[in-house]
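Below is one structure, written out as structure tokens, with a few remarks after it.
In the UniProt record's numbering, the protein residues as written are 1 to 266.
Here it is, written out as structure tokens:
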């Protein structure tokens, strides 16, 4: 269902909590940054924190909750991470067991939540510069792919880099790179441009997460590190419980987009 127009991030979260929006969040809550979600037991949290520090491109850390608290006080104090995302994915011992619209029934008092930067945040700047976003134009979720690049491990957390892809005309690619580089807390500049086979992607038409988009004959695929990376890593790490956002179904924060815009960053 399409979300009604709202003036604040809190209003959008309330509507999501009420089940009025259960789809992807690209383009939702104009002006407000979005975030990836990772929830783990406390005994796994320190290693995952190390993983984020060692892999800042796919896992740019925005906030970490207190143990047992579902409230991300640093970026949206009144939010509830158990209910305020459109859809979740729940893994036990590396196996997907549920894809609910809330995780109240899975919540435990030993859980720690991590909020990671999301490339949906710099999409507004790309669009403002006249660069159309293919998945928004085509009305689908952003395509995401597991690559042949490995992350830097931390404890049991080790696995492949996941990327999101947006195609642009070749003459627009330098501008897309320049704009996204201004947002290091939201994955920053692309990690690869051009031939997908060079990073282990055999077919752009079959993404591992999200939906395929049409790539025009004059367009070049551009790949950014993606916050779905922890989900691919969790399949290999096999923690007893891991809860994530469903790919493309992000958490809407109270932070404005432009607070993450850092001209001169690379």
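Yeah, the Cβ is synthetic: ideal placement off N, Cα and C, and Gly gets one too.
Everything numeric in this text was worked out from a predicted model, so none of it was measured.
Assigned exposure category for residue i - 16 Cβ within 10 Å defines buried
| i | result |
| --- | --- |
| residue 138 | exposed |
| residue 95 | exposed |
| residue 148 | exposed |
| residue 180 | buried |
| residue 174 | exposed |
| residue 53 | exposed |
| residue 263 | exposed |
| residue 84 | buried |
| residue 155 | exposed |
| residue 109 | exposed |
| residue 210 | buried |
| residue 116 | buried |
| residue 129 | exposed |
| residue 42 | exposed |
| residue 46 | exposed |
| residue 221 | buried |
| residue 4 | With a pLDDT of only 42 at residue 4, under 50, the local geometry of the prediction cannot be trusted, and the value read off the model is given with reservation. Its Cβ having fewer than 16 others within 10 Å, residue 4 is exposed. |
| residue 113 | buried |
| residue 8 | exposed |
| residue 1 | Summary for residue 1: the model assigns pLDDT 36, below 50, so the residue's position carries little reliability; its value from the coordinates is reported in the next sentence. So residue 1 counts as exposed. |
| residue 18 | exposed |
| residue 66 | exposed |
| residue 242 | buried |
| residue 176 | buried |
Alpha helix (DSSP H) segment containing residue i, residue limits
| i | result |
| --- | --- |
| residue 46 | 42–54 |
| residue 12 | 9–17 |
First and last residue of the uninterrupted beta strand (DSSP E) at residue i
| i | result |
| --- | --- |
| residue 182 | Segment: none, residue 182 is in no beta strand (DSSP E) and carries neither H nor E. |
| residue 150 | 144–150 |
| residue 245 | 242–245 |
| residue 219 | 219–225 |
| residue 95 | 95–98 |
| residue 252 | 251–256 |
| residue 233 | Careful: residue 233 lies outside any beta strand (DSSP E), inside the alpha helix (DSSP H) at 229–237. |
| residue 92 | 88–92 |
| residue 61 | 61–64 |
Expected contact under 8 Å - CB spacing of residue i and residue j to nearest Å
| i | j | result |
| --- | --- | --- |
| residue 248 | residue 26 | 7 Å |
| residue 60 | residue 124 | No, residue 60 and residue 124 are not in contact; Cβ-Cβ is about 17 Å, not under 8 Å. |
| residue 158 | residue 236 | 6 Å |
| residue 212 | residue 191 | With 8 Å as the limit, residue 212 and residue 191 do not qualify as a contact, their Cβ atoms being about 20 Å apart. |
| residue 98 | residue 90 | 4 Å |
| residue 267 | residue 252 | Outside the shown range of the chain, which is 1 to 266, sits residue 267, and nothing can be said about it. |
| residue 127 | residue 78 | About 28 Å; that fails the 8 Å criterion. |
| residue 100 | residue 22 | Residue 100 to residue 22, Cβ: 11 Å. No contact. |
| residue 256 | residue 48 | Not quite, the Cβ-Cβ distance comes to about 27 Å (not below 8 Å), so this is no contact. |
| residue 142 | residue 160 | Contact doesn't hold; Cβ gap of about 18 Å is too wide. |
Any C-beta of chain B under 7 Å from that of residue i
| i | result |
| --- | --- |
| residue 16 | Absent from the structure is chain B; it holds one protein chain and no more. |
Nearest neighbour of residue i, chosen from the options [CA to CA]
| i | options | result |
| --- | --- | --- |
| residue 82 | 69, 92, 93 | 69 |
| residue 63 | 85, 218, 38 | 38 |
| residue 118 | 103, 187, 153 | 187 |
| residue 258 | 218, 121, 193, 86 | 121 |
| residue 162 | 201, 169, 129, 254 | 201 |
| residue 261 | 189, 167, 252 | 189 |
| residue 144 | 156, 203, 184 | 203 |
| residue 207 | 219, 41, 228 | 228 |
| residue 165 | 153, 150, 133, 183 | 133 |
| residue 233 | 51, 221, 205, 216 | 51 |
| residue 198 | 223, 170, 178, 88 | 223 |
| residue 152 | 250, 177, 8, 57 | 57 |
| residue 14 | 24, 80, 34 | 80 |
| residue 215 | 194, 231, 230 | 194 |
| residue 246 | 238, 230, 254, 240 | 230 |
| residue 217 | 168, 250, 176, 244 | 168 |
| residue 171 | 185, 219, 150 | 219 |
| residue 150 | 75, 131, 55, 35 | 55 |
For this session: Could you name each continuous alpha helix (DSSP H) segment of 4 residues or more that falls completely within the segment 111–167, going from the start of the chain to the end?
Result: 120–128, 134–137
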